[in-house]
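*Asks:* Just so we're aligned, residue 47 is where the sequence shown starts under this note's numbering, counting upward by one.
No residue lacks a Cβ here, since even glycine has one placed at the ideal position from N, Cα and C.
Below is the structure I would like to discuss, written out as structure tokens.
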Amino acid sequence: MDRFESLFNLSEKVAVVTGASSGLGRRAAEVLALAGAKVVGVARRKEALENLALELGENFSFISADISDRSLLRDLSEKINSKFGPPDILVHAAGVNTRQTADEVTDLGWDQTISLNLSTPFFLSQLLVPEMKKKGWGRIVNFASVQ
């Protein structure tokens, strides 16, 4: 086993990555799959997820879902646990940036940004953490950016 493998061997680990269809989420999914994790990508854009599945092969599966809809998170967490097994790693890379100045942001725009960037990661983690605790091992990574 080379140094990379000994440091970053994630075989036998299940990793869930939100926002996996593009950007940092896509790159996180690629790196985790390269390290041997069984990656479950979650994003709205099914075609982009299908293309990523073709590139990454057997270490990548996906669920096309709009995680900004909080009412769907329980079903998503149950699907992840039953179909892929409880996750060991959860990467929250889905997010939105309105790219407006503070005086241009609407109430709706603010609420949508806070919901997807803060509330969704919290509530999805809350649903998946109990199984991580049962396993005695888990890692959660939250991506954020400021512009």
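(1) Roughly how many whole angstroms lie between the Cα atoms of residue 133 and residue 55?
(2) Quick one: using the 10 Å Cβ neighbour count with 16 as the cut-off for buried, is residue 108 buried or exposed?
(3) What do you get for residue 126, buried or exposed, if any count of 16 or more other CB atoms within 10 angstroms of its CB means buried?
(4) Given this structure, state the Cα-to-Cα distance separating residue 182 from residue 138, to the nearest angstrom.
(5) Could you tell me the distance, in whole angstroms, from the CA atom of residue 82 to the CA atom of residue 99?
(6) Is residue 64 helix, strand or coil by DSSP?
(7) With residue 72 as the anchor, note down where its alpha helix (DSSP H) starts and where it stops.
(8) Can you look up residue 169 in the DSSP assignment and give me helix, strand or coil?
(9) Just to confirm the assignment: which complete alpha helix (DSSP H) runs, minimum length 4, are found wholly within the region 130-160?
*Replies:* Short version:
(1) Approximately 16 Å, taken between the alpha carbons.
(2) Residue environment: residue 108 is assigned as buried (16 or more neighbouring CB atoms within 10 Å of its CB, all protein chains considered).
(3) Around the C-beta of residue 126, 16 or more other C-beta atoms lie within 10 Å, and the residue is accordingly described as buried.
(4) Here the alpha carbon of residue 182 sits roughly 20 Å from the alpha carbon of residue 138.
(5) Looking at the two C-alpha atoms, the distance is approximately 15 Å.
(6) For residue 64, the secondary structure class from DSSP, reduced to helix, strand or coil, is strand.
(7) Counting along the chain, the alpha helix (DSSP H) containing residue 72 begins and ends at 69-80.
(8) In this structure, residue 169 counts as helix in the three-state DSSP scheme.
(9) You should have 153-160.
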